[in-house]
Amino acid sequence: MSYMPWSDEFSVNIREIDEQHKRLVVMINTLHEALVAGKGKEAQGKIIAEMVDYAAVHFGTEEKYMRQYTFPGHAKHKAEHDSFSGKAADLKARV
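Taking the working numbering, the leading residue of the sequence shown gets 801, the next gets one more, and so forth.
What follows is the structure, encoded as structure tokens:
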């Protein structure tokens, strides 16, 4: 059983973004499985690095759509992306 199964409730009804979200959910589950299995820091670090790199790609995609459709919460959402990216980079460096 997955730690975090995909749910259609997560869907934003934009295929490209939903597919990216699904990929991120798979990565979260892979990391959880590595932690539960007691895999070493090297394995965990590899998964975290992949997640951090992919999150940057995903955030770029979301921000492209927000600009394209003049999303009113764009600035606030981008700030959340920036905050998360900073925390993720810190975690990647620590692992």
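Each residue gets a CB set at the ideal place from its N, CA and C atoms; glycine is no exception.
Remember, predicted model here, so these are calculated numbers, not experimental data.
| Query | Result |
| --- | --- |
| Our contact map puts residue 847 next to residue 831 with C-beta atoms below 8 angstroms; I'd like the distance itself, whole angstroms only. | 5 angstroms |
| Measuring alpha carbon to alpha carbon, tell me which residue in 812, 874, 861 and 826 is nearest residue 806. | 826 |
| In terms of residues, what are the limits of the alpha helix (DSSP H) holding residue 836? | 815-836 |
| If I follow the unbroken alpha helix (DSSP H) through residue 845, where does it start and stop? | 841-868 |
| Using a Cβ-Cβ cutoff of less than 6 angstroms, which residues in the same chain neighbour residue 803 once the five nearest sequence positions on both sides are dropped? | 829 and 832 |
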